[in-house]
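Single-structure report; data block below.
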Amino acid sequence: MMTLSGTYAVDKGMALFPKKIGGKYAMLGRFDSENLYLMYSDDIRSWNDAKKILIPMNPWEYIKIGNCGSPIDTKEGWILLTHGVGPMRKYCIGVALLNRDDPSKVIARLKDPLISPTEREREGYVPNVVYSCGSILLNEKLIIPYASADSVSSIAVISLNELLNKLLNRK
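For what it's worth, numbering that gives the first Met the number 0 labels the leading residue of the sequence shown as 0, then goes sequentially.
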């Protein structure tokens, strides 16, 4: 077990990229409790370099935005699941596409959430919340396990092609 250190190794919700980028470790984090930052380091334990890459832009994420696990590498770029907190502390899951070689460049973002709490998912220990800690790409399908209201677990599946078409406004 290793302790993280550095100016930006604070708060929770950090997610490592599954491979080095430009010869450095890369990680996402939200140390200001509102925005998402991209961090680079030569040493996986020390994080002192950060750049803001995503800010809350849409009503469903006006309060804050965070990551939902490590980004997924695709030919089109890094798929990043996000969670956004909007009015009435409603948590939804969104998606951004980051440049493969320079993930500080955001190629696209869904305007609307990919997953929002349904009627069944609104009631529970923590109402009005859907949240994921990661996803996997299997047979060209993005499989997203997620929890709702801290009471129920579900799985959402979307084809990679359909998701990329939504992100890139392709027919």
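Backbone N, C-alpha and C define an ideal beta-carbon position, used for all residues, glycine too.
Note that the structure is predicted; figures quoted are calculated from it, not measured.
The stretch 44-60 makes contact with the stretch 85-99; the number of CB pairs closer than 8 Å reaches 3 or more. In this structure the stretch 116-136 touches the stretch 62-77; the number of beta carbon pairs closer than 8 Å is three or more.
Methionine 87 carries a helical assignment under DSSP once its states are collapsed to helix, strand and coil. In the assembly as shown, methionine 87 is an exposed residue. Its beta-carbon has fewer than 16 other beta-carbons within 10 Å. Per DSSP, the continuous alpha helix (DSSP H) segment holding leucine 162 begins and ends at 159-166.
For the stretch 12-42, the full-length beta strand (DSSP E) segments reaching 3 residues or more read 24-28, 35-40 along the chain. Excluding residues up to 5 positions away in sequence, Met38, Tyr39, Ser40 lie with their Cβ nearer than 7 Å to the Cβ of aspartate 48 in the same chain.
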